[in-house]
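Residue numbers (this note's numbering), protein chains in the order written: chain X, 1 to 484; chain D, 485 to 960; chain R, 961 to 1055.
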Amino acid sequence: MEKLSLRELSEGLKARKFSSVELTQFFLDRLEKYNLSINAFISIDKDKSLAMASRSDSIIKEGKQDYLTGVPIAQKDIFCAEGWKTTCGSKMLDNFISPYDATVIRKFNEISAVNLGKTNMDEFAMGSSNETSYYGNVKNPWNIKNVPGGSSGGSAAAVAAMLAPAATATDTGGSIRQPASLCGLTGLKPTYGLVSRYGMIAFASSLDQAGPMCHSAEDCAAMLNVMSGHDSKDSTSIEREKENYLNGIKDPIKGLKIGIPKEFFSEGLDPDVEKIIEQGINEYKKLGAEIVDISLPNNHLSIPVYYVIAPAEASSNLSRYDGVRYGYRTKEYDDLMDMYCKTREEGFGDEVKRRIMIGTYVLSAGYYDAYYLKAQKIRRLISEDFSKAFKKCDVILGPSAPSVAFPIGDKKEDPLKMYMQDVYTISTNLAGLPGLSMPAGLINNLPVGMQLIGNYFSEAKLLNIANVFQMNTDWHRLSPKGFE
Amino acid sequence: MEWDIVIGIETHVQLKTKSKIFSGASASFGGEPNAHACLVSLAYPGVLPVLNEEAVNCAIRFGLAVDAKIAKKSIFARKNYFYPDLPKGYQISQFELPIVGEGSLSISMGDDNKIVRILRAHLEEDAGKSVHGVEEGKSGIDLNRAGTPLLEIVTEPDMSSAEEAVSYAKKLHELVQWIGICDGNMQEGNFRCDVNVSVKKKGDKQLGTRREIKNLNSFKFIKQAVDYEVNWQIERLEDGGAIKQSTILFDPDSGETREMRSKEEANDYRYFPDPDLLPLEISQEKINVIKAEMYELPNEMKARLIKEFDLSSYDADGITSNIAVANYFEDLLTFNVSAKLASNWILTNLFSRLNELSIDIENCPLKASKLAQLILRIEDKTISNNAAKKVFDEIWDQDKSVDDVIEKLGLKQISNVNEIENILNQVLQDNEAMVEEYKSGKDKAFNALIGQVMKASKGKANPGQVSQLLKEKLKN
Amino acid sequence: MKFNNDEIKKIAHLARININELEASQVSEKLEGILGLIEQMTKVNTDGIEPMAHALDINQPLRQDKVTEADIRKKSLDLSEETDQSLFIVPRVIE
């Protein structure tokens, strides 16, 4: 049952092969058995999940079933879910029981999917290895000595270890695609504005975007059908007609123009990863795609630009955590200033504090133009590179991450090395474009992800291109050993 | 030494909307603490702002009223600082591209008009309130006000006395109520002024260092605070001291200003465009629609009153001094009373009674419809102006009809020529000496004779008719 | 870019984060590294380039002026560490 696709689970529920309660109990049992070893979840609430499942069962009985009704979905702990502890991986919110639902959560509730639990993540989504979580690092199911990637490492590990059929995740600079890559999953970061950010705890507002983390492109399409759509509570949410991402997902891709940016294959890329991506390219050629060389000349600037814009926005977004209205408050303090400074010193982890300080610095008087404004200008250059590239090709293909999953602790003390993990993913966030990572091979039994980047709102196309690959390959069907 | 006083004012005008600027929480004043603090007001993790259309419309109305340019594109920015009544740790405001650009407001100083230039006006959210005295050494935070919409109106440093500052503040206060964007309730903090004061040696080009007096919420305080501050600065400079740019508070009890302790450290607000809000684009069509829906502005109405009804400039000023007065006046006119009489009655009898009782015209017990009846009775000569004052007293706050009162008090004028002639003949007969005096050239005797007629008629004779008839009689 | 401990402390204070001497020197080392990375930007010519604050070029949507939110004090006061008489309590605020 743990290997069934979302479509198979949906059909099974409809045919009453199993009930939602049985299905949910099955995954809760797996959670109990395996979560300790990989630490993928922060909160599990069996009673709540089973109560939701039981409600789903009555809806299924009434014949009002939707595609994902009754299917248990793991929710990244960045999404506020009413009555659930919602921590964002931080001590700051360890006591925060959300009083409301994020729009994404509401959408899953509306079709009566089951919330299986809240997945672990880097604190406030700041990290690429899931080592910054207050709740301990998540382990990669493919090798528990290695990191699962981040920041959606809990969602990735949970789905990879088959503790959940699918999970939600978020991506600010690669936080869906890099862990998907490191855990052998298909993950999609949609166009900025496609999925509502309301109730998704903000890291860098102009870059954050939620998306699905699943085994296959088809599963991602089903998840995106639920998650996407305009939301009047989010000013940056786009008003456009809702698509069914499952439509046309099997369309042939003959004649598709795939752009290969030379900058994605330069130094820093593990040669073994490069080989696997080349195999992927060859597979697409066999499927009738045309390969064109393109250039993204400013891609190397995406990391510096990101490390100005993201911390700047974060430093402001995280000012609300002051111990006054909710969340952690230090135990002893002399006065208001002392309460603020100790609360924030104790409530935030090192990486978060580092980024708050960088952000505070680049926005401060005298530095704004040199850092923040400059970064915004280069952001436009990076974005324009993509517009030019999409005149030559339909989709861009490259690696998702420079390497396979690395050992826990390997880069923890060196932020600069860690930041390079996102060198192929960040530019799409800066431009607001959709990006997808899917498994394309293994190196020493560790998955390698291949990335597809599309033009604005081309999610359906990306999912189609990925699905056709998956119809002809088996990389997405592989699972780590030890979780059967 | 002689000194120039330089004053600029930043006014926070609370906009009259039902809901807050970025959320659907109630923007009404008061209520139990935090009862109007919704998810967004409380800055819960993950919540997002969505802009209230009415706040934007209010800003546009203001821009049009001060003849300012409405920005086609304006930007919301975050002003970052920590304060317990600021839940997000930043205030959403406008910094580089405000919604309203340069405009102007004309104020009257005695017989002179003076133009105060408006530099800009921008939309922003209000903060909550710190409540003291709940517990020893602690403060309570009430976020009901957090997120209510404000329009911050900034002038150039164009005022040069406390009187001008007050005059500007009053004029602005009237205007924002006139165009319906603010309740103007100063006790509730709907209209608060930050007054920037500096002094310089008379004739110096270079401006002096300014100190900003925060949060003045009455015209009286503006006057007192500016007067005190000007003296303080001059004294300090004359003693060889220097002025440090700072933010100060005015204490109404002592009548003094003092530096704010919380603002001692240099503020670095780290403004940047709010990534949760997109550029606000306003089309010319939208501006046109709002313009078309707007009521005549005070200066436009004043000009019309002078032109159309031949009111004096002084009277027209009085009628357009605030929207409620103007509305009362317009209400009177709907009953076809003469504009001049209507204006006279409002500015004299009505105003002095309202003043005596310290009530606003909005709460005037005498409705315009009833005052109109009274004025009509003057116009149709049923009663004299003097008699009308007696009726006014009777109908002021009582449910009596104008005609009943006139009847009951027997105030009806005698306008019947025969009746007046009878009285007149009697008076001429009884006062032959006076008649002789008049005929020998003493004009004063004429008035004395009229007085006698009025006395004989118990004040009911129509004085105009009396005078006319008397003239005719004396000619013979 | 080099930071001394005082500069680090100033930034930390602006961000309302306590930091001790030892932490300050560790942090400064890491911040210098990150700023070194950021310095790459300075070489880029950005004359005449419009800053890009948002990923998409769209206008701010407007909300109708309606009260849609109810009193949530039952929940909101419970979530705070210290409340009294419906107020959130903090150490004395000095104006």
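The beta-carbon is built from N, C-alpha and C at its ideal position, and this holds for glycine as well.
In this text the structure is predicted, and so the values were computed from the model without any measurement.
If you follow the beta strand (DSSP E) that residue i is part of, which residue opens it and which one closes it?
i: X:Pro407; result: Element bounds for X:Pro407: n/a, residue is neither H nor E.
i: X:Phe265; result: Counting along the chain, X:Phe265 falls outside any beta strand (DSSP E), and DSSP gives it neither H nor E.
i: X:Thr119; result: Val114 to Thr119
i: D:Gln671; result: From DSSP, D:Gln671 is part of no beta strand (DSSP E); its letter is neither H nor E.
i: X:Ser216; result: First-last for X:Ser216: undefined, no H or E at that position.
i: X:Thr168; result: Ala167 to Asp171
i: D:Asn564; result: Ala561 to Asn564
i: D:Met593; result: Gly587 to Met593
i: D:Arg604; result: Asp596 to Glu609
i: D:Gln575; result: Tyr574 to Ser577
Mind checking whether residue i and residue j have CB atoms under 8 Å apart?
i: D:Glu537; j: R:Gln1020; result: no
i: X:Tyr326; j: D:Tyr574; result: no
i: D:Ser499; j: D:Pro571; result: It is Leu, not Ser, that sits at residue 499 of chain D in the sequence shown. The answer is no: Cβ separation not under 8 Å.
i: D:Phe506; j: D:Pro533; result: yes
i: D:Phe546; j: D:Ala605; result: yes
i: X:Thr119; j: X:Ile42; result: yes
i: X:Val138; j: X:Ala40; result: yes
i: X:Ile73; j: X:Ala161; result: no
i: X:Ile382; j: X:Val292; result: no
Name the two residues that bound the continuous alpha helix (DSSP H) containing residue i.
i: X:Asp29; result: Ser20 to Ile38
i: D:His520; result: Unbroken run through D:His520: none, as it is neither H nor E.
i: X:Ser280; result: What sits at residue 280 of chain X in the sequence shown is Gly, not Ser. Its alpha helix (DSSP H) spans residues Pro271 to Lys286.
i: X:Gln65; result: From DSSP, X:Gln65 is part of no alpha helix (DSSP H); its letter is neither H nor E.
i: D:Val497; result: Premise fails: D:Val497 lies in the beta strand (DSSP E), Trp487 to Gln498, not in any alpha helix (DSSP H).
i: X:Met418; result: Pro415 to Tyr419
i: X:Ile465; result: Glu459 to Asn472
i: D:Asp469; result: Since the first residue shown for chain D is 485 and the last is 960, residue 469 of chain D is missing from the structure and cannot be characterised.
Just tell me which of the options has its CA closest to the CA of residue i.
i: D:Gly631; options: D:Ser503, D:Ala800 and D:Leu789; result: D:Ser503
i: D:Val683; options: D:Ile489, D:Ala646, D:Gln913 and D:Met918; result: D:Ile489
i: X:Cys341; options: X:Met92, X:Val362, X:Asn120 and X:Asn244; result: X:Met92
i: D:Ile803; options: D:Arg629, D:Val714, D:Ser951 and D:Ile830; result: D:Ile830
i: X:Asp234; options: X:Lys242, X:Leu381 and X:Ser206; result: X:Ser206
i: X:Ser151; options: X:Ile105, X:Lys107 and X:Phe203; result: X:Phe203
i: X:Gly136; options: X:Ser90, X:Tyr306 and X:Thr103; result: X:Ser90
i: X:Thr172; options: X:Ile408, X:Lys189 and X:Leu23; result: X:Lys189
i: D:Thr731; options: D:Ala852, D:Arg742 and D:Asp887; result: D:Arg742
i: D:Ile904; options: D:Asn833, D:Ser588, D:Asp794 and D:Pro947; result: D:Pro947
i: D:Asn701; options: D:Gln690, D:Val809, D:Ser796 and D:Gln671; result: D:Gln671
i: X:Lys46; options: X:Ser58, X:Leu31 and X:Pro480; result: X:Leu31
i: X:Gly441; options: X:Asp272, X:Ser112, X:Ser10 and X:Ala156; result: X:Asp272
i: D:Pro849; options: D:Arg861, D:Leu834 and D:Leu860; result: D:Leu834
i: X:Phe108; options: X:Glu82, X:Gly127, X:Thr132 and X:Asn130; result: X:Glu82
i: X:Ile97; options: X:Cys80, X:Phe457 and X:Glu351; result: X:Cys80
i: D:Asp737; options: D:Gln708, D:Tyr755, D:Met918 and D:Ala726; result: D:Gln708
For residue i, decide whether its Cβ has a neighbour in chain A, counting only Cβ atoms nearer than 8 Å.
i: D:Ile505; result: Looking for chain A here will not work: the only protein chains present are X, D and R.
I think residue i touches residue j, with their Cβ atoms under 8 Å apart; what is that distance to the nearest whole Å?
i: D:Asp569; j: D:Gly612; result: 4 Å
i: D:Leu635; j: D:Leu607; result: 6 Å
i: X:Val195; j: X:Gly211; result: 7 Å
i: X:Gly184; j: X:Pro447; result: 3 Å
i: D:Met938; j: D:Ala929; result: 15 Å between Cβ atoms; not a contact.
i: D:Val660; j: D:Gly673; result: Actually they are not in contact, since the Cβ atoms of D:Val660 and D:Gly673 sit about 14 Å apart, beyond 8 Å.
i: X:Ala460; j: X:Met438; result: Contact doesn't hold; Cβ gap of about 16 Å is too wide.
i: X:Leu6; j: X:Ala222; result: 5 Å
i: D:Val681; j: D:Ile491; result: 6 Å
i: X:Tyr198; j: X:Ala102; result: 6 Å
Hey, would you say the C-beta of residue i is under 7 Å away from at least one heavy atom of the ligand MG?
i: D:Pro571; result: For the ligand MG, the structure offers nothing, since it holds no ligand at all.
**Request:** Starting from the N-terminal side, write out each stretch of the alpha helix (DSSP H) that is 4 residues or longer and does not extend beyond the region 289-323 of chain X.
**Result:** 302-317
**Item:** Length-filtered (4 minimum) alpha helix (DSSP H) runs lying within the region 871-945 of chain D
**Value:** 886-893, 901-914, 916-923 and 928-940
**In chain order, each alpha helix (DSSP H) run of at least 4 residues that lies wholly inside the region 671-752 of chain D** = Here the runs fully enclosed are 703-722.
**Request:** Tell me the start and end of each unbroken beta strand (DSSP E) in the region 130-183 of chain X that is at least 3 residues and wholly inside, in chain order.
**Result:** Correct list: 167-171.
**Request:** Report the residue ranges of all beta strand (DSSP E) runs contained in full by the region 331-400 of chain X; include only those spanning at least 3 residues, in chain order.
**Result:** 395-399
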